[in-house]
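Student: Provided herewith is a single structure, encoded as structure tokens, for subsequent inquiry.
There are 2 protein chains.
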Amino acid sequence: MRLSKAFFVTLRDDPRDAEVISHRLMARSHYIKKHGAGVYSYLPLLQRSLNRLTEIVREEFEKIDLQELTMPYAIPGELWKESGRWSKMGAEMARFKDRKDNDFCLGPTHEEVVVDIVRGQVNSYKQLPFTLYQINTKFRDEIRPRFGLMRGREFIMMDAYSFGADREELDRVYEVISDAYCRIFDRIGLTYVRVEADTGNIGGDASHEFHVLAQSGEDEILSAEDGSYGANVEKAPTPSPQLQSKVTGKSWGELTDSPIEEVPTPAKSTIDDVADLLDWPTHLCMKTLVFQFRSSEAGEWKPLVVYVAGNRQLNEVKLKQAMLADNLKVQDLVQMPEKDVEKLFDAPVGFLGPISKKEELLKARTYFDREVLVSHGLVCGANKKDYHLRNIEPKRDLAKLYPHSIKNNDLDLVAVEAGEVCPHSPSHAPYRSDRGIEVGHIFKLGTVYSKALKAEFTSKEGKSQPFEMGCYGLGMTRTLSAAIEQNHDDNGIIWPKSIAPYDVIVMSLGRKKDDEVSVFADKLYESLRSKGLSVVLDERDAGPGIKFKDADLVGYPLRVVVGGKGLEKQELEYSFRKTAAEKHGLAWTGDVNFDDLASKINNLWGSI
Amino acid sequence: MRLSKAFFVTLRDDPRDAEVISHRLMARSHYIKKHGAGVYSYLPLLQRSLNRLTEIVREEFEKIDLQELTMPYAIPGELWKESGRWSKMGAEMARFKDRKDNDFCLGPTHEEVVVDIVRGQVNSYKQLPFTLYQINTKFRDEIRPRFGLMRGREFIMMDAYSFGADREELDRVYEVISDAYCRIFDRIGLTYVRVEADTGNIGGDASHEFHVLAQSGEDEILSAEDGSYGANVEKAPTPSPQLQSKVTGKSWGELTDSPIEEVPTPAKSTIDDVADLLDWPTHLCMKTLVFQFRSSEAGEWKPLVVYVAGNRQLNEVKLKQAMLADNLKVQDLVQMPEKDVEKLFDAPVGFLGPISKKEELLKARTYFDREVLVSHGLVCGANKKDYHLRNIEPKRDLAKLYPHSIKNNDLDLVAVEAGEVCPHSPSHAPYRSDRGIEVGHIFKLGTVYSKALKAEFTSKEGKSQPFEMGCYGLGMTRTLSAAIEQNHDDNGIIWPKSIAPYDVIVMSLGRKKDDEVSVFADKLYESLRSKGLSVVLDERDAGPGIKFKDADLVGYPLRVVVGGKGLEKQELEYSFRKTAAEKHGLAWTGDVNFDDLASKINNLWGSI
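As given, the protein sequences belong to chains A and B, one line each in that order. In terms of the numbering used here, the first sequence opens at residue 3 and continues consecutively. In terms of the numbering used here, the second sequence opens at residue 3 and continues consecutively.
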């Protein structure tokens, strides 16, 4: 592409709404154009990177016999009504009516459609397993679209769906696809981790995320320092109290037979203040958290009380998982407003605790984190303004009040922190914390959707049963953003060569169309193209300053400069974007042989 | 792809709603899945053909420096309000509101978006011309979606938009892109024509269509037998009356000075009946057509009267062009209901004519086809039940009644027919008629959209002026349908090799996974793949009948059969789908060399 003939314009200033670096750089270097909140055009440079990424995904998936297809963007509402998600999806799913008043939605995900494709067509276990995927546009009406392509409303995603006969087949396919994800990110050249993740709204019972590591990442990733385990913070387990004791010698207090004692703690409503006053470790002070939840939009709100160690933060995702394991359907879960708490339990927030005679408290759904239950001599609120209790022994004092809750004595409900022991690490390595950008998410869906949509096949045993499904997402436009978040400097983007929009930029410092420099640059450009490299020729009527700046901004991996001085010396200057400081020379003697020069540059490209 | 591991199912029966062959074959051979009226998934076989077609388009466009991008599918309504099309587009454009109550539409076309991308960014004629294109999904809420992918509601289209500084630049780019279209259709291997076309709703002042010729085509294409000219029937000009006389000796009657005479024609209200009764040529009997039109949806309906020769059919597209040339804005144009005609003109339909004293008739907008105006001694209705007039001399009798209409004496308002002289043919060759499927449509838009959206640049002369735009559409999914309409037989699809989903099918007639035939077929499959061919291995647990039938249905260009008898004879049978009847043998002696065999098959592939 000759830049003088191309649609290409760089901007000096960052767009006002750009909070992250990939958004700033993409907007300034002509990769995107915003038309509205979260709605972008992908300009020619981005399109080329996107096409390269698409090619990598296709090649890796073809190797493992995945089949590509395209599902509709505008989906008949009927399918979503059949699965029951029409009413569940909320405002994030955009909807419209066609001219005949039929309901449609803009596909935010395609489980319903893919099941509609397969059901009735595949009748026997012999036709299984197989996996279908698409690389297609999706629309999710995010409440707060931001970060450019990172959280847009319209975006390009790869979504795959596997169909298997049984759990074993699902597990096998899941690992094959997970491995292909790794090969894809390896080929792109990104630093990433695969971590355990929560299954969230999509449903299903196992899930992993792929994160590109970058300081600007929205997610916290915890990994064992020895690389043996990684998880999203939502999912990462705390070490058990026993393991903490074993590895760090942590004490959970001494068993006491002193009776419960009420102590005045005037105006001390925070854990730190109470611990300070009573000179007692925070982790032996109980924190009381009150929520309310409902199982459907029209359902009744019910109270929920959670007790965790005073030094801990509750992890809501783990709490929801615990509720799910109790067969509690949770549509909404929110903190109960203070005044409702005080009205319901007849005690002020800051002084709540489990020791009470109040029916409303004792009958509320209650969870204790396992750290609380192994501790001795705990402090907790007295359910009375300006008073706390001490000498709480869980076995003695809580068991009779909450017999059901206490049985469940291994619940991990709190957020783990960097530096703690990773329980999955054989060497008891500590967790380290990184910031990650979620670019892939894979799920073992099981039979949720095949059951809902009555998609069945005949098993080896002659029984009709629903498909075991997996689903696999990879954000295409988001991966490109994440690549920039991970690979940039103050001057612009540093593309991994695999997904750079062009391989090489030939920069001509000639000022007239027919001067020696311009003619040389043009010949070199054509020679490089004939070697199969994708090349940009910057022969614009502009000064060297602008050209160097633009090249750094756009992030071409290899730059070759054709200038008057160089030609005199019979030498071309080239440099790699990754190590911009180093300039190198490509020399020749006698008449220049363009084909030879292009071969040498092609070899340089190969060396990146 | 091993078929036993693939999602692949053929159907015995045509879908009920399938009216055309491509729809029937695509549905039966697992290319598409219908989810609702005009809404389809493109299954893996179709996806592969689509990817190949995409690659051809990209390669040809890259050669001429077109830049690919992706514009949003869901487009903010603001842009359409700015251009004025939000209110004009009607029910074909699907609309929705986002969660913040902003208007959106599903892009039926992208002029507004592309102008939004370019305006403000390109300020100088030096940055021109350039062309942007996308290959993307569109939604048009067709009132009657049908013919499978031929007239779907969601479909994939290539749409390009060129920006130039002046008319000359637009004309040049237009021809370069038009030539690229020809190369694309040539490379696909389709029989097609480029014809002049009406510009329709998109606006602009010149336009061509690309039609794939097929009996089932919805459009009639007229081309000079000598290949010198082609046009959609809507656009194809009739030969002038003078040319008709010159080439075929056609007579337009003898000048008469007899006065107008009223003759009884009881119950003869059709041209044929009147011509019969009066023993007068039909082409010298005037046909009177009454329409009503309005210039906006809220506008007043106005009458319009058109006179054409009695042997002719009016061409409404030509009529609209004539009105446009008169600066008449036409939003709607329909035949006036009979009872309204009779009430307005006080004369019965079937007996209407231009000779009248009735103000309403004389003042109505009136057009005469040029053939009427060169004729002599015409017959027309007497505006009185059961009577006609004869001896009408246009110059004598019409000029004073319709001075304004008569000045416009070279209007071509009628449909031309096969066999007539093509006026653009230097050798006066006759028109031939073909059926065509419109797969491409290109327009010289001019400044319609750049003006409406205030997209301007500074010209060489320092003046601010709007871009001269062209727009270029190519129906991707429709081209695949058209390829099937043109290339099939009773057994199924016959893909042009360029866009076949796979190159070769290796058919294994083995029945067990490890028998000699199956092992041989598997080795051959792997060898062919290593040559870079895309290969299907049919090793399903099914009889040869099913396998042969399916292979023909799907339309793989080259078939290689591995069977027990062949292996005994040391010979493989192969055949080309195009010439299915002929079977050929590939023989070897001694131990089989798979690499060698694969090379030979690769050569066969090259020979197609």
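Ideal Cβ positions, reconstructed from N, Cα and C, are used throughout, including at glycine.
Looking at the structure shown, is B/S89 part of a helix, part of a strand, or coil, going by DSSP?
Tutor: Three-state DSSP puts B/S89 in coil, outside helix and strand.
Student: I'd like the span of the beta strand (DSSP E) that includes B/I158, first residue to last.
Tutor: Taken as a continuous stretch (DSSP letters only), the beta strand (DSSP E) holding B/I158 covers E156 to G166.
Student: Figure out for me which residue from B/N53, B/S298, B/G438 and B/P405 has the closest Cα to the Cα of A/Q69.
Tutor: If we check each option's Cα against that of A/Q69, B/N53 comes out closest.
Student: With distances taken Cα to Cα, identify the nearest neighbour of A/Y231 among A/H210, A/K304, A/G219 and A/Q246.
Tutor: Nearest of A/H210, A/K304, A/G219 and A/Q246 to A/Y231, Cα basis: A/H210.
Student: Here's the rule: buried if 16 or more other CB atoms are within 10 angstroms of the residue's CB, otherwise exposed. What is B/N125?
Tutor: Result: exposed.
Student: Can you list, in chain order, the residues of its chain whose CB lies under 6 angstroms from that of B/P17, leaving out five sequence neighbours each side?
Tutor: Correct list, in chain order: A29.
Student: Closest Cβ-Cβ distance between B/R101 and chain A: below 7 angstroms?
Tutor: Yes, B/R101 lies at the interface with chain A (some Cβ there is under 7 angstroms from its Cβ).
Student: Starting from the Cα of B/K533, find the closest Cα among B/L574, B/A600 and B/K446 and give me that residue.
Tutor: With distances taken between Cα atoms, B/K533 lies closest to B/A600.
Student: With DSSP as the reference, label B/Y474 as helix, strand or coil.
Tutor: Three-state result, B/Y474: strand.
Student: Kindly indicate the opening and closing residues of the beta strand (DSSP E) around A/N393.
Tutor: That run of the beta strand (DSSP E) goes Y389 to I394.
Student: Please classify B/Y127: does DSSP put it in a helix, a strand, or coil?
Tutor: Looking at B/Y127 - three-state DSSP - the assignment turns out to be helix.
Student: So, with DSSP's three-state summary, where would you put A/S435?
Tutor: If DSSP states are grouped into helix, strand and coil, A/S435 belongs with the strands.
Student: Going by the beta-carbon positions, is the gap between B/L511 and B/Y527 smaller than 7 angstroms?
Tutor: Cβ distance not < 7 angstroms, so B/L511 and B/Y527 don't count as in contact.
Student: Below 7 angstroms CB to CB, which residues in the same chain sit around A/L45 once its five sequence neighbours on both sides are set aside?
Tutor: H32, Y33, I34 and K35, listed in sequence order.
Student: Name the chain B residues that come within less than 7 angstroms of A/S43, Cβ to Cβ?
Tutor: The contacting residues are L71, T72, M73, P74, V115 and I119.
Student: Going by C-alpha to C-alpha distance, which of B/P432, B/Y404, B/P339 and B/K341 sits closest to B/R367?
Tutor: When only C-alpha atoms are compared, the closest one is B/Y404.
Student: Can you tell me whether DSSP reads B/P46 as helix, strand or coil?
Tutor: Here B/P46 sits in helix by DSSP.
Student: Residues in the same chain with beta-carbon distance under 6 angstroms from B/L151, minus the five sequence neighbours each way, listed in chain order, please.
Tutor: T479 and S483.
Student: Determine, using beta-carbon pairs with one atom in the stretch 566-574 of chain B and one in the stretch 505-522 of chain B, whether at least three such pairs fall under 8 angstroms.
Tutor: Taking 8 angstroms as the limit for Cβ pairs, the verdict is that the stretch 505-522 of chain B does touch the stretch 566-574 of chain B.
Student: Looking at B/L391: is its Cβ nearer than 7 angstroms to the Cβ of B/I357?
Tutor: Contact: yes.
Student: Hey, B/L400 and B/V441 are a contact pair by Cβ (cut 8 angstroms); roughly how many whole angstroms apart?
Tutor: Their Cβ separation, rounded to whole angstroms, is 44 angstroms, which puts B/L400 and B/V441 out of contact at 8 angstroms.
Student: List the endpoints of the continuous beta strand (DSSP E) containing A/V265.
Tutor: Element bounds for A/V265: E263 to P266.
Student: Can you pull the chain A neighbours of B/T139, defined as C-beta to C-beta under 9 angstroms?
Tutor: Those within 9 angstroms of B/T139 in chain A are T72, P74, Y75, A76, N138 and T139.
Student: Quick one, are the C-beta atoms of A/E575 and A/V563 less than 7 angstroms apart?
Tutor: Yes, Cβ-Cβ distance for A/E575 and A/V563 is below 7 angstroms.
Student: Which complete beta strand (DSSP E) runs does the stretch 267-313 of chain A hold, if anything under 3 residues is left out?
Tutor: Runs found: 288-296 and 304-311.
Student: Could you name the residues that DSSP lists as bridge partners for A/G494?
Tutor: In the DSSP output, where bridge partners are listed per residue, A/G494 has A/D491.
Student: Contact between the stretch 420-428 of chain A and the stretch 378-385 of chain A: three or more CB pairs below 8 angstroms?
Tutor: With the cut-off at 8 angstroms, the stretch 420-428 of chain A and the stretch 378-385 of chain A do not touch.
Student: Are the Cβ atoms of A/L447 and A/V506 separated by less than 7 angstroms?
Tutor: Going by C-beta atoms, A/L447 is not nearer than 7 angstroms to A/V506.
Student: At which residue ranges does the stretch 340-426 of chain B contain complete alpha helix (DSSP H) runs of 4 or more residues, listed in the order of the chain?
Tutor: Segments of the alpha helix (DSSP H) lying fully in the stretch 340-426 of chain B: 340-347, 361-365, 372-376 and 405-409.
Student: Is the shortest distance between the beta-carbon of B/E57 and the beta-carbons of chain A less than 7 angstroms?
Tutor: No, B/E57 does not count as interfacial toward chain A.
Student: State the Cα-Cα distance for the pair B/D200 and B/A327, rounded to the nearest angstrom.
Tutor: Computed Cα separation, rounded: 14 angstroms.
Student: Please list the segments of the beta strand (DSSP E) lying wholly inside the stretch 186-255 of chain B, counting only runs of 3 or more residues, in order along the chain.
Tutor: Counting whole runs of 3 or more residues, the stretch 186-255 of chain B contains the beta strand (DSSP E) stretches 194-198, 208-215, 221-226 and 232-234.
Student: Is DSSP giving B/K102 helix, strand or coil here?
Tutor: Here B/K102 sits in coil by DSSP.
Student: Exposed or buried, A/I439, counting other C-beta atoms within 10 Å across all chains shown (16 or more means buried)?
Tutor: Buried, because 16 or more other Cβ atoms sit within 10 Å of the Cβ of A/I439.
Student: So what does DSSP say about A/S520, is it helix, strand or coil?
Tutor: In the structure shown, A/S520 sits in a helix (DSSP, three-state: H, G or I).
Student: Among A/S85, A/E171, A/T272 and A/A233, whose alpha-carbon lies nearest the alpha-carbon of A/A417?
Tutor: Among A/S85, A/E171, A/T272 and A/A233, the Cα nearest to that of A/A417 belongs to A/A233.
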